[in-house]
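So the structure is just underneath, and the comments pick up after that.
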Amino acid sequence: AIEAGFVRLVTCDETLIDKTLGEALETEQLDAANVASAGGIPDRVMFFSGMVGGEIMQLVDLFNGLNIPPSIFACAVPNNWDGKVRDLVCEIADDHRIMMEREANGETVGAETVNN
Numbered sequence: 002a003i004e005a006g007f008v009r010l011v012t013c014d015e016t017l018i019d020k021t022l023g024e025a026l027e028t029e030q031l032d033a034a035n036v037a038s039a040g041g042i043p044d045r046v047m048f049f050s051g052m053v054g055g056e057i058m059q060l061v062d063l064f065n066g067l068n069i070p071p072s073i074f075a076c077a078v079p080n081n082w083d084g085k086v087r088d089l090v091c092e093i094a095d096d097h098r099i100m101m102e103r104e105a106n107g108e109t110v111g112a113e114t115v116n117n
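Each residue of the sequence shown is one higher than the last, beginning at 2 in the working numbering.
What follows is the structure in structure tokens.
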């Protein structure tokens with residue numbers, strides 16, 4: 002089980018959607034669960050930062066087991082830290098859709114198939 006103090010949640014609202022991922026993730030919110038998400042974003046994308054693989058997989062498994070809309074998961078890395086959240090969400094959601102279409106068509110799905 003994951004302890005409540007282990008994960009800090011930031012909800013991307015209208016004030017964060019056009020900031021960099023780094024700025025958004027460094028934002029302190031008193032109660033992120035009660036912050037309204039930015040509108041106009043069709044997919045739920047969750048960015049993880051400061052965790053190792055096993056911790057990330059625990060959270061992915063946890064979220065996938067909840068009765069919430071499906072999510073797309075990504076990690077904050079140096080290459081996307083300075084990217085605008087809106088742009089990153091759109092890019093990741095597009096990559097995810099392509100990957101799901103390829104999987105549905107029986108094509109090989111892996112890192113080498115995305116963005117080709």
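All C-beta atoms, glycine included, are put in the ideal place defined by N, C-alpha and C.
DSSP three-state assignment for residue i, whether helix, strand or coil
i, result
"Cys13", "coil"
"Ile73", "strand"
"Met52", "coil"
"Val86", "helix"
"Val8", "coil"
"Val61", "helix"
"Gly107", "coil"
Whole-Å CB distance - residue i paired with residue j, under 8 Å assumed
i, j, result
"Ile93", "Ile73", "6 Å"
"Arg45", "Pro79", "Actually they do not touch by this definition, with Cβ atoms about 24 Å apart."
Close Cβ partners of residue i (< 6 Å) along its chain, the five nearest in sequence each way excluded
i, result
"Cys76", "Phe49"
Same chain only: Cβ atoms within 8 Å of residue i, ignoring 5 sequence neighbours per side
i, result
"Leu17", "Val11, Glu24, Ala25, Thr28, Ala39 and Val86"
"Trp82", "Thr21, Leu22 and Gly23"
Proximal residues to residue i (C-beta, below 7 Å), its chain only, five neighbours per side dropped
i, result
"Cys91", "none"
"Ala37", "Asp14"
Buried or exposed by the 16-neighbour rule on C-beta atoms within 10 Å, applied to residue i
i, result
"Leu67", "exposed"
"Leu63", "exposed"
"Leu31", "exposed"
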